[in-house]
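Residue numbers (the numbering used here): 1418 to 1578.
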């Protein structure tokens, strides 16, 4: 059995609550930014996951951890908004690729410019050194069963597109 004191458990819970509160605040800020542009969080996640050359719908669903039936509805709404198009894959016309339109790319470029500013404003109360310390501390919290490393999907960076 675990031999944790009440004080240790309470400190852990206090830390957890503060971490969740800050996470909710950042997510709320991000959600507001997206809603201003007519996007939901799920739609933004899908747009972020689309490389310039396009991506098959099934691969997109796996990448954003969505059921294929759910991804279809999200893609339908993004297509109606003019941010993406579906096109047959050049090598296998049975495969449908999802690609950003020029409007979709412009939207992602705009969000890519403003989102870091909003996140920076939220974290501006910390010095650069404190941000590095926080990053190091958060790295220590990674699950040991994953070897302390993120999966390839978690490491995906849309800038690598």
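Glycine included, C-beta positions come from ideal geometry on N, C-alpha and C.
Source: prediction; values computed, not measured.
For residue 1515 against residue 1506, the beta-carbon gap comes to about 11 angstroms, at or over 8 angstroms, which does not count as contact.
An exposed status is given to residue 1531, since fewer than 16 other beta-carbon atoms sit within 10 Å of its beta-carbon. Between residue 1501 and residue 1518, the gap from beta carbon to beta carbon is short of 8 angstroms.
Secondary structure at residue 1536: helix, using DSSP grouped into helix, strand and coil. Pairing residue 1464 with residue 1428 gives a Cβ-Cβ distance that is not under 8 angstroms.
1528 is the residue among 1472, 1528, 1553 whose C-alpha sits nearest the C-alpha of residue 1455.
Taking residue 1535 as the centre and dropping the five residues before and after it, the same chain places the C-beta of 1446, 1447, 1450 closer than 8 angstroms to its C-beta, in chain order.
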